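Comments concern the structure below.
Protein chains: 2
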Amino acid sequence: MGDGSKPGSITIEDVATSAGVSRQTVSRVINRRPNVKDSVRARVQQAIDDLGYVPNLSARRMGGARSYLILAVNDRQRTLENWRAGRGNDWVDQMLYGGMTECERHGYHLVFELIDTDTAKAEGELAAIIAALRPDGVILTPPHCDNAGLTGLLERHRIACARVGHQSGEKCVDVFMDEEGAAKRATSHLIDLGHRRIAFVAGAPNYGNSARRIAGFRLALADAGLPGDAGNVGNGDFQFDPAAAVIDEMLTSPSPPTAIIADNDEMAFAALHVASKRGLRVPQDLSIISFEDTPGVRFSVPPLTAIRQPTAAMIAKACEQLIATSTGKEGTGRFELPFDLIERASTARRQA
Amino acid sequence: MGDGSKPGSITIEDVATSAGVSRQTVSRVINRRPNVKDSVRARVQQAIDDLGYVPNLSARRMGGARSYLILAVNDRQRTLENWRAGRGNDWVDQMLYGGMTECERHGYHLVFELIDTDTAKAEGELAAIIAALRPDGVILTPPHCDNAGLTGLLERHRIACARVGHQSGEKCVDVFMDEEGAAKRATSHLIDLGHRRIAFVAGAPNYGNSARRIAGFRLALADAGLPGDAGNVGNGDFQFDPAAAVIDEMLTSPSPPTAIIADNDEMAFAALHVASKRGLRVPQDLSIISFEDTPGVRFSVPPLTAIRQPTAAMIAKACEQLIATSTGKEGTGRFELPFDLIERASTARRQA
DNA sequence: ATCAGAATTGTGAACGTTCACAACAAAAAA
DNA sequence: TTTTTTGTTGTGAACGTTCACAATTCTGAT
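Written out as structure tokens, the structure reads:
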């Protein structure tokens, strides 16, 4: 603030002149490099503060340094479909929460982009985005986290990669939650409440996490010594209508389930809907647990008991690790984050 | 694909060599400048496609050109509070929807950031972000859209600015919806259904849009020739508990409202909650309209009739205008976007 | 006092693009 | 044909930073 002749163009050179040192010394101070005398460091810092200097990211990047950008990539079709249908996209919201707050802590910026479901297209699109932006790290979410073409591309370009929802830990930082354990916990919770016939409405059968959850579901039943026919698995395709159909069918059977676990909120709402249509009270006649916990479940009637995925925390962890990698840390590892079972009013002890 | 010695480093020079022209000619082709022979343009384009060249954004920016970045700024306290409370942030989700899709259409990228509610802090934070990122345009949302310090800062730095939720159209591109008209429409809808005692539960009284909506509410009542006491305005502070309290009080009065308009979804849920507690059926005994339409209202029981804000469309329009400005268009103007009244099951004809 | 070694500071080049302007070619006017 | 105008292409410099390395100053041992 002062002459105001050239707004917003305070450069490292201005700081250097003002502090009576060279460019490079200022650069060292900015980047917290060693080998700067304390007195000089203080003088430079003072000049930086006085002038309100902030390094230009583009120039930094040009100089061969980091870009201070983390790229978060989502699936275009799935994301747009959610938005178009007016369904909202809690996943995106939570990603931003975790990603942005973590990036901000380290002076980084988060850029969010969509790429195609189709493998070949996705690779081209990602290539274009990284060529333009040159991010220091990329976060891949389902289903792209399982796409070896994308991780290969990033490896070739030497860009650090974090996968959210992938568990191998090879070549990337992998962040995930214990899907099997979560399903097990949800199931055990129902068993503890006295339920002996429980149904699991799965999402996409070929989706890794659905499979893991089904495994956890079966494991919990077995651990409790229940017979094989205590658990019934249906497929609801993550959507309302197919889920409603399969749930309706389940409840028609001669020995219907007294509790249902749904693979996501939308299918849990379908269960609620079907129950109401059939005159079943929730939770007295039917207990319901969901596997997602978007904000809407707090306001449903009754509010749903749900497994809460640590979406924001997973993205934050991914950012943290990518940023650490860009400052030298090795870019691989497995990070399992804890989930929560949030008890609300849609589950109750089985009525005699 | 090929030698693979230097991955991801195809520069404009490589394209120039491959096409047998100079840097500058390639630059002209990339930027769709005139004065390039068609045959040459085609040859260069071919080389670009063959090599998979994408211009490096940082270098472009350094060369004095655009940054191809749009910055969307939200209020930190309000946004974080929503996230922390597990309430989700549909506004953020919708912003991303509108902003990202529009930016993508023009080869732009969207960066989303939070700045402090406090005016002085906000100014410092925004200054730092624009110094680092040098975006081509900045989108200011409530309450920052009304902060003259921020628009002044952007003006000094010659960065185009779009305000969402501000209506003056001076010095910035302003994008907004007809708040007064929306309230009027909601009110008329209830009047048409035969309601004669209607309550409006406002959010923050000092928040410009609440005031506009109250005005619309009153106008509709007056237009219908209803007496002054037909409309009752309460203050629910945009939150569940205060809203529930004020609604409960309203329903206790000797001539209680038969319909309620809530300034946001959370307060509409409060209305639902209070009605249920008092044994009032919705919509038979009480009609409810909300003013926000987040995804949860589709799944409430009953689903809520609501005014739908065109959040995504407003952000998209803001991006469109900012991008147009960065290519020469004047950076001011007023853009009013249409809202929707979505009829669901929470409103019905007044019972005799 | 002298010198080796370490710590500190500075200098020129580089990053990939665009800008300003110069050079050249082609078309139109004289 | 010659000149003018217009259209097309190329060249050197600039943007703001970091890198690699050179130069200088300090430290502590001999």
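Same order as they appear, the protein sequences are chains E and V.
In terms of our numbering, the first sequence is residues 1222 to 1573.
In terms of our numbering, the second sequence is residues 1222 to 1573.
Where is the CB? At the ideal position from N, CA and C, for every residue including glycine.
As the structure is a prediction and not an experimental result, all values here were calculated from the model.
Residues of the segment 1267–1286 of chain V with a C-beta atom less than 9 Å from some C-beta of chain E are G1273, Y1274, V1275, P1276, N1277, L1278, S1279, A1280, R1281, R1282, M1283, listed in chain order.
Cα atoms of E/L1442 and E/G1415: separation of roughly 12 Å, rounded to the nearest angstrom.
Excluding five sequence positions before and after V/N1252, none of the CB atoms of its chain fall closer than 7 Å to its own CB. Distances from the alpha-carbon of E/V1385 to those of E/H1378, E/V1394, E/A1425 put E/V1394 closest. Distance from the Cα of V/Q1315 is smallest, within the candidate group V/D1399, V/S1474, V/A1533, for V/A1533.
Residue state for E/S1508 is assigned as strand, using DSSP reduced to three classes. For E/D1311, the enclosing alpha helix (DSSP H) starts and ends at 1311–1326. Contact with chain V is absent for E/M1398, since none of that chain's Cβ atoms lies less than 8 Å from the residue's Cβ. Check the Cα spacing between E/E1400 and each of E/R1287, E/E1564, E/Q1388: the tightest is with E/Q1388. In terms of Cβ geometry, V/T1338 and V/D1296 form a close pair [threshold 8 Å]. The three-state secondary structure of E/H1494, taken from DSSP, is helix. Unbroken beta strand (DSSP E) runs of no fewer than 3 residues, entirely contained in the segment 1389–1458 of chain E, are found at 1394–1398, 1419–1423, 1452–1456, following chain order.
If you check the CB distance, E/A1491 and E/I1468 come in under 8 Å.
In this structure, V/A1425 keeps its C-beta atom at 8 Å or more from the C-beta atom of V/V1454. Between E/I1336 and E/C1540, the gap from beta carbon to beta carbon reaches 8 Å or more. When DSSP reads this structure, E/G1358 sits in a beta bridge with E/I1291, E/A1381. Listed in chain order, the positions of the segment 1521–1551 of chain V with a beta carbon within less than 7 Å of a beta carbon of chain E are S1521, V1522. Annotation: the continuous beta strand (DSSP E) that includes V/I1528 extends over 1526–1529. Taking 8 Å as the cut-off, the Cβ atoms of V/W1304 and E/Y1329 do not count as close.
Scanning chain V for C-beta atoms nearer than 9 Å to the C-beta of E/T1515 yields G1309, P1516, G1517, reported in chain order. Beta-bridge partners of E/V1332 (DSSP): E/L1292, V/V1332. The DSSP-derived three-state label of V/F1520 is coil. Secondary structure at E/G1345: helix, using DSSP grouped into helix, strand and coil. Classified as exposed, E/G1500 has fewer than 16 neighbouring CB atoms from the shown chains inside 10 Å of its CB. Against chain V, a Cβ distance below 8 Å from E/M1321 picks out F1333, E1334, L1335. Rounded to whole angstroms, the gap between the alpha carbons of V/C1324 and V/R1287 is 14 Å. Chain-order list of chain V residues neighbouring E/R1355: G1229, N1277, L1278, S1279, by C-beta distance under 9 Å. The three-state secondary structure of E/G1373, taken from DSSP, is helix. With respect to chain V, the C-beta atom of E/Y1318 has a partner C-beta closer than 8 Å.
The three-state secondary structure of V/E1513, taken from DSSP, is strand.
Between the segment 1265–1284 of chain V and the segment 1236–1254 of chain V there are three or more inter-stretch CB-CB distances shorter than 8 Å, so the stretches are counted as touching. Where V/I1233 is concerned, the enclosing alpha helix (DSSP H) starts and stops at 1233–1240.
The count of Cβ pairs closer than 8 Å, one atom from the segment 1501–1520 of chain V and one from the segment 1563–1573 of chain V, reaches three, so the stretches are in contact.
Residue pairing for E/A1480: DSSP places it in a beta bridge opposite E/I1419, E/S1508.
Where E/D1561 is concerned, the enclosing beta strand (DSSP E) starts and stops at 1561–1563.
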